[in-house]
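In mature numbering (1 follows the signal peptide of the UniProt record, and there is no 0), the protein residues as written are -22 to -1, 1 to 391.
All residues carry an ideal CB built from backbone N, CA and C; glycine is no exception.
The model shown is predicted, which means the values in this text are computed figures rather than measured ones.
Comments concern the structure below.
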Amino acid sequence: MKKILASLLAVGVAGASGIAAGAGFALNEQSISAMGTSFAGRSSSASDATTLYGNPAGMALLDRAQASGGLAVIHASSRIDSASANSPFGTEVQGSNKGDMVPFTGVPMGFYVRPLDERWHAGVGIYVPFGMITDYERGFQGRYFGDYSEVRVITLQPTLSYKVNERLSLGFGPTLNRVDGRLETAVFTGTATDGRIIIKGDDTAVGYNLGALLQVTPATRLGVTYHSMVDYRLEGRVQVRNLPPPVNGNYPATLDLRTPEMIDLSVTHQLDPRWTLHAGAAWTRWSRLQTIKPVSAFPSAIEEKQHWNDSWAYAFGATLQLNPRLQLRSGIAFDQSPTNNIERSPRIPSGDRVAVSLGLGWQLSEQTSVDLAWSYLREEDTDIDISNPRKGNYRATYKNSAHGLGAQFNYLF
């Protein structure tokens, strides 16, 4: 039983996943204006205060103090086909596979930027770079591999940018990151009543973002942004229920977790006064999640293999200035999944994905504007075939999709 508990702790926060707008458990929704082009040109557009995240160097292009705040909501859908499960003793596990495990989710963001002088800008932002929740029904057939997972990272980023000359700008911002997670798993007991493990943990850690923005020609901008790795040590506890004494109770535990660094490179090109094209590529170092080893009150720790891979995302988009007050946007993105076919579990039922987006920017007055966006994401059919001597096995095919809606309000001071 101690090995079961240690193993469950190991998958903890790093294993919590569902259907996100980014690969793994990353989120892209830090800008609704960028969402309209499927985040193409994110590090080169610098159109409003949300550039503080997209590329902190882009603040140098904002000639007035301004604030941007908004909310994106994600409605995910999954269908689970061809499911089967066996216990550690080879007997069939009964249960359901409803597939509605990702609840309606909101992702907020807020940014403020102001010029200090002709070269320096300062700003501050609060946003959610990582987050996911999967909440299966209690009688889920794959419950011994996890039936509830939640992880949230909230980031506060004060930022400075410096305009080197008319062509080159630089930006830097430290990040203060708060992570908390919750994991619940059923445990096979051989009786009509399952045992239950609940794991909670949290931590605060520091990272940084930096960027550069180059005006290559009067019509073309090139941007690059680096989001650093953040190193956490989650402090928490393991709660054990409905298992034979003396196992039941609460146990202290810690888990080292590194969220991956990311590099975003993009280009924005203005074809004419009405049309602007965007393209971008982003690399994320998910290979940091290879093996997770917990430190707990138990004498023997179990290493949990993840074997995640580095992933790439590509996006292409366009904006049309329909009139002086209305801008239309569209985009398409292709995103690789970091998971592999061997260790993929119900906590991480994701595959490669394609997303399309539509958006608009509406100038309400000289000082105020609003951005709206809609996106649709569809993943390739994803197979799970996972086994464990203490849990049995679970096999299924997931068909995942999601709709996203976002609204952002901008104010010029």
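In this structure, DSSP gives Ile132 an extended state, which the three-state scheme calls strand. The residues His256, Gly295, Arg307, Gly309, in chain order, have a CB closer than 6 Å to that of Thr15 in the same chain once the five nearest residues on each side in sequence are set aside.
By DSSP's assignment, Trp290 forms a beta bridge with Trp261. In the structure shown, Gly36 falls within a helical segment according to DSSP collapsed to helix, strand and coil.
Taking 3 residues as the shortest admissible run, the segment 51 to 115 contains the following complete beta strand (DSSP E) segments, listed from N- to C-terminal end: 83 to 93, 98 to 113. Comparing alpha-carbon positions, the option among Leu154, Pro81, Ser139 lying closest to Leu148 turns out to be Ser139.
Judged by their CB atoms, Gln119 and Asn64 are not nearer to each other than the 8 Å cut-off. The residue from Ile58, Arg92, Glu70, Thr246 with its alpha-carbon nearest to that of Ala45 is Arg92. Shown here for Tyr292: same chain residues with a beta carbon closer than 6 Å to its own, the five before and five after excluded, namely Ala259, Phe312 in chain order. Taking all protein chains in view, the Cβ of His99 is crowded by 16 or more other Cβ atoms within 10 Å, so the residue is classified as buried.
Around the beta carbon of Ile111, 16 or more other beta carbons sit within 10 angstroms, so the residue counts as buried.
The residue from Val142, Ile10, Phe123, Pro107 with its alpha-carbon nearest to that of Asp113 is Phe123.
With fewer than 16 other Cβ atoms from the protein chains shown falling within 10 Å of its own Cβ, Phe82 counts as exposed.
Counted as a single uninterrupted DSSP element, the stretch harbouring Ile326 is not any beta strand (DSSP E), since DSSP gives it neither H nor E.
The alpha-carbon separation between Gly159 and Asp349 amounts to approximately 31 Å. Residue burial annotation: Arg331 is buried, with at least 16 other C-beta atoms found within 10 angstroms of its C-beta.
For the options Thr169, Glu321, Pro302, Ser328, the alpha carbon positioned closest to that of Glu344 is the one of Pro302. For the options Phe391, Trp253, Pro251, Ala190, the alpha carbon positioned closest to that of Asp242 is the one of Ala190. Using a Cβ-Cβ distance cut-off of 8 Å, the segment 124 to 138 and the segment 372 to 386 are not in contact, since fewer than three pairs of beta carbons, one from each stretch, lie closer than that value. Of the candidates Trp253, Asn187, Val208, the residue whose Cα lies closest to the Cα of Val157 is Val208.
Contact between the segment 353 to 372 and the segment 318 to 325 is present, with at least three C-beta pairs closer than 8 Å. Take Gly201, set aside five residues on each side of it, and the residues of its chain with a beta-carbon closer than 6 Å to its own are Ser21, Ser22, Asn33, Leu191, Ser244, in chain order. As for any beta strand (DSSP E) of minimum length 3 sitting wholly inside the segment 218 to 247, the runs are 227 to 237, ordered along the chain. One thing to note: Thr69 has its Cβ no nearer than 8 Å to the Cβ of Val102. When the Cα atoms are used, Ala374 and Gly47 turn out to be separated by approximately 40 Å.
Distances from the CA of Val165 to each of Gln217, Ala54, Trp261, Ser328 were compared; the closest alpha carbon is that of Gln217. Per DSSP, the beta bridge partners of Arg356 are Val332, Ser379. No Cβ-Cβ contact shorter than 8 Å links Ser265 with Trp290. Put simply, the backbone Cα of Val106 is about 16 Å away from that of Tyr90.
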